[in-house]
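To start, the structure under review is shown below, and the notes come after it.
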Amino acid sequence: MIEQITKRLRRSGNTGLFHDSRKDVLTITEHSNILQEKINELVSAVNRQDKEIKELKEAAKNET
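Throughout the sequence shown, residue numbering follows this note's numbering, covering 723 to 786 in sequence.
This is the structure:
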């Protein structure tokens, strides 16, 4: 089972002139990596199901 992503991006508390851009970039990078991993999980699951469907269709053709 593929688990849902529960991590949320939080708005930076720095509203002044000085801002921690590196931390913001790091946060976005971490979230991007999490999303990439989830997408890869989904693609793998879909590919497995697609392969299974093709095998079942082929088996059904061979039975007739």
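Glycine included, each C-beta is placed from N, C-alpha and C at the ideal position.
It is roughly 43 Å from the alpha-carbon of Met-723 to the alpha-carbon of Phe-740.
Distance from the Cα of Leu-731 is smallest, within the candidate group Asp-742, Asp-746 and Glu-725, for Asp-746. Cβ contact annotation for Ile-756 (same chain, cutoff 7 Å, sequence separation greater than five): Ile-727 and Lys-729, in chain order.
Counted as a single uninterrupted DSSP element, the stretch harbouring Thr-728 is not any alpha helix (DSSP H), since DSSP gives it neither H nor E.
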